[in-house]
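A.B. asks: Below is one structure. I have some questions about it.
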Amino acid sequence: MLDIKFIRENAEAVSKACIDKNEPDIIGGLLSIDGKRREIQQAADELRHKQKDISAKVGEAFKSGDKEIAQSLKVEAKELSDRVKELEEEQRNIEADFEAFMLRVPNIPSETAPVGGEDANVIISHWGEVPRLNFEPRDHIDLGDILGILDMERGAKVAGRAFPLLKGDGARMSRALVALMMDLHRAAGFKEIAPPFLANRDSMVGSAQLPKLEEDMYHIPTEDFFLIPTSEVPVTNLHSGEVLSESDLPIYYAGFSANFRREAGSYGADTRGLLRVHQFDKVEIVKFVHPDTSAEEHESLREQAELVLKTLSVPYRVKLLATGDMSFASHKIYDLEIWAAGEQRWLEVSSCTNFLDFQARRANIRFRPDDGGALRFVHTLNASGVALPRLLVALWENNQTDRGTIIIPEPLRPYMGGQKEIEAG
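The letter at position 56 of the sequence shown is residue 1207 when you use this note's numbering, and the numbering goes up by one with no holes.
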């Protein structure tokens, strides 16, 4: 959420942000409602002040024995009270409209973000060599079938389409990857979190999944809970409504969870096998930082996500997202994309995002400066560190042999009991 004072003073820039992010430009409507709510507030305040004066005069009239004037003033006070109640009802209604508008205003993109859509994204770096296999590589679906480590059909039978079922060494590798990633992040100072997989509406609004993405979420209407689309939701809201000390910052968390999204199947070629599914595991790294350090914290967050890929020797590239490809709440995003030899393309496994104080305003996460100054909002950042399904795709496809087996990356072997290779059986 942006500060309304900032929006009033920078209406043109905020309107441009809406357009650049392909969001509806609602700033004119928002400012109109804001003007009306301020008028109503002023009118209500003036009437309350008048009420106070009349109440004092009623008391004076009774004391002086002038009952006729006192009675007349009481009638006027009653009329004022009724009018104040009407204004308060108008105020409640317009505040609800105002809040709904405010929740639909996107964050301002960084000046460093290219303006445009997906085609305007910029590749800023590469790491590792794309594997050159001397045989026709199989994709992860074929490998999963041959080795008995992926069963999409039984996943569909148990739950539905796009619910994967990992088996045997596929399930073991997934579990091992989570352990390796959490160990890497813990060693870098991130505190491990095992969050709830359900979140309430306030938490979903606080992290900016709602209201925009509500139709993409799995919702339990009887209790108004949502299955989390990412552990960003519960981890970001760990400090909602809190006032931290400046000395507490920065705070680093690493959360692992299953994630649930209804959107699977809406992206054409990306829907095969593990590429886009309704349920998947992911490690999320989250930072709460001082506003003065958020830019450098963003760079180090990206490096931390990259560390996972370097450790596993997965070739990747870093992409700076353009405004039209950025998320609603983001200020600046780096995407990490890994190469998959069977798919013969790059797959996104992490979005490293700086939100500035956008989420903190929605979730009301502030800190008290050490010098005793006014409370300030923290800055929040997060990144996938990283998402499991596509990482599995790349590891299986890039490390396959012409015998149809998969070589397990050396750093992962201690987490799999020293196993070096996945074979059929």
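Using N, Cα and C, we set each Cβ at its ideal position, and we do this for glycine too.
As the structure is a prediction and not an experimental result, all values here were calculated from the model.
As an exercise, report each continuous alpha helix (DSSP H) stretch of at least 4 residues that is fully enclosed by the region 1442-1490, in chain order.
C.D. replies: The region 1442-1490 contains these whole alpha helix (DSSP H) runs: 1445-1462.
A.B. asks: I need the straight-line Cα distance from Glu1457 to Phe1314, nearest angstrom please.
C.D. replies: Along the sequence shown, one-based indexing puts residue 1457 at 306. Along the sequence shown, one-based indexing puts residue 1314 at 163. Going by the C-alpha atoms only, they are around 27 Å apart.
A.B. asks: With a threshold of 8 Å on Cβ separation, who are the neighbours of Gly1416 within its own chain once the five nearest residues in sequence on each side are excluded?
C.D. replies: For this step, residue 1416 is matched to residue 265 along the sequence shown. Confidence at Gly1416 is low in this model, with a pLDDT of 49, below 50, so the placement of that residue is unreliable and no value is reported for it.
A.B. asks: Three or more C-beta pairs under 8 Å: does that hold for the region 1501-1516 against the region 1441-1457?
C.D. replies: Yes, since at least three Cβ pairs between the region 1501-1516 and the region 1441-1457 fall closer than 8 Å, the two stretches touch.
A.B. asks: Taking Val1434 as part of the beta strand (DSSP E), name the residues at either end of that continuous run.
C.D. replies: Start at 1 with the first residue of the sequence shown, and residue 1434 comes out as number 283. Looking at the DSSP string, the run of the beta strand (DSSP E) that includes Val1434 is Gln1430 to Val1440.
A.B. asks: Expressed to the nearest angstrom, what Euclidean distance is found between the alpha-carbon atoms of Gln1360 and His1482?
C.D. replies: Mapped onto the sequence shown, residue 1360 falls at position 209. Mapped onto the sequence shown, residue 1482 falls at position 331. Approximately 15 Å between the Cα atoms of the pair.
A.B. asks: Quick check on the DSSP output: the alpha helix (DSSP H) that includes Tyr1518 runs from which residue to which?
C.D. replies: Counting from 1 along the sequence shown, the entry for residue 1518 is found at position 367. Per the sequence shown, residue 1518 should be read as Phe rather than Tyr. Where Phe1518 is concerned, there is no enclosing alpha helix (DSSP H), although the beta strand (DSSP E) it sits in stretches over Arg1517 to Arg1519.
A.B. asks: DSSP three-state label for Gly1416, please.
C.D. replies: As a first step, residue 1416 must be located in the sequence shown, where it is residue number 265. Interpretation of Gly1416 is limited by its pLDDT of 49, a score under 50 that renders its predicted location unreliable; the figure taken from the coordinates is listed afterwards. It is coil, neither helix nor strand.
A.B. asks: So, with DSSP's three-state summary, where would you put Glu1227?
C.D. replies: Taking the first residue of the sequence shown as position 1, residue 1227 is located at position 76. Correct three-state label for Glu1227: helix.
A.B. asks: Quick one: residues in its chain with C-beta nearer than 6 Å to the C-beta of Asp1320, no 5 flanking neighbours on either side, listed in chain order?
C.D. replies: Translated into the one-based positions of the sequence shown, residue 1320 becomes position 169. Around Asp1320: Ile1300 and Ile1573.
A.B. asks: Go ahead and label Phe1377 buried or exposed: buried means 16 or more other beta carbons lie within 10 angstroms of its beta carbon, across all protein chains shown.
C.D. replies: Here residue 1377 is taken as the residue at index 226 of the sequence shown, counted from 1. Buried: at least 16 other Cβ atoms inside 10 Å.
A.B. asks: Report the three-state DSSP secondary structure of Arg1427 (helix, strand or coil).
C.D. replies: Mapped onto the sequence shown, residue 1427 falls at position 276. DSSP places Arg1427 in coil when its eight states are reduced to three.
A.B. asks: Which residue wins for smallest C-alpha separation from Gln1497, given the options Glu1237, Ile1274 and Asp1553?
C.D. replies: Position 346 of the sequence shown holds residue 1497. As written in the sequence, residue 1497 is Trp, which differs from the Gln given in the question. Trp1497 has its Cα closest to that of Ile1274, out of Glu1237, Ile1274 and Asp1553.
A.B. asks: What does a CB cutoff of less than 6 Å around Ser1354 pick up in its chain, not counting 5 residues either side in sequence?
C.D. replies: Along the sequence shown, read from residue 1 onward, the residue named residue 1354 stands at position 203. Once the five neighbours on either side are set aside, the close Cβ partners of Ser1354 are Val1384 and Asn1388.
A.B. asks: I need the boundaries of the alpha helix (DSSP H) containing His1291, first residue and last residue.
C.D. replies: For the purposes of this step, residue 1291 is taken as the residue at position 140 of the sequence shown. Note, His1291: alpha helix (DSSP H), His1291 to Leu1298.
A.B. asks: Judging by CA-CA distance, which residue of His1449, Arg1517, Lys1229 and Asp1367 is the nearest neighbour of Glu1397?
C.D. replies: Here the question's residue 1397 lines up with position 246 in the sequence shown. Nearest of His1449, Arg1517, Lys1229 and Asp1367 to Glu1397, Cα basis: Arg1517.
A.B. asks: Smallest Cα separation from Lys1256: which of Leu1182, Leu1532 and Ala1195?
C.D. replies: If you number the sequence shown from 1, residue 1256 lands on position 105. Note on identity: in this sequence residue 1256 is Val, with Lys being the wrong assignment. Ranking the options by Cα distance to Val1256, first place goes to Leu1182.
A.B. asks: Here's the rule: buried if 16 or more other CB atoms are within 10 angstroms of the residue's CB, otherwise exposed. What is Val1437?
C.D. replies: Taking the sequence shown and counting its residues from 1, one reaches residue 1437 at position 286. Under this definition Val1437 is a buried residue.
A.B. asks: Can you tell me whether Gln1202 is helix, strand or coil according to DSSP?
C.D. replies: For the purposes of this step, residue 1202 is taken as the residue at position 51 of the sequence shown. Three-state DSSP puts Gln1202 in a helix.
A.B. asks: DSSP puts Glu1499 in a beta bridge; with which residues?
C.D. replies: Reading the sequence shown from its first residue, position 348 is the one you call residue 1499. Its beta-bridge partners are Glu1488.
A.B. asks: Does the region 1446-1456 come close enough to the region 1227-1242 that 3 or more CB-CB pairs lie under 8 Å?
C.D. replies: Counting Cβ pairs under 8 Å, fewer than three are found: no touch.
A.B. asks: How would you label Lys1571, buried or exposed, when you count the other beta carbons within 10 angstroms and need 16 or more for buried?
C.D. replies: To locate residue 1571, count along the sequence shown from 1; it is residue 420. With fewer than 16 other Cβ atoms within 10 Å, it is exposed.
A.B. asks: Could you check whether Leu1472 and Asp1486 sit closer than 8 Å to each other, using their CB atoms as the reference points?
C.D. replies: What you label residue 1486 is simply residue 335 of the sequence shown in a count that begins at 1. What you label residue 1472 is simply residue 321 of the sequence shown in a count that begins at 1. In contact: Asp1486 and Leu1472 (Cβ atoms closer than 8 Å).
A.B. asks: Among Asp1296, Arg1305, Phe1348 and Phe1411, which one has its Cα closest to the Cα of Glu1366?
C.D. replies: Start at 1 with the first residue of the sequence shown, and residue 1366 comes out as number 215. Closest option to Glu1366, Cα to Cα, is Phe1411.
A.B. asks: Per DSSP, what kind of secondary structure is Glu1343 in: helix, strand or coil?
C.D. replies: Translated into the one-based positions of the sequence shown, residue 1343 becomes position 192. Residue state, collapsed to three classes: strand.
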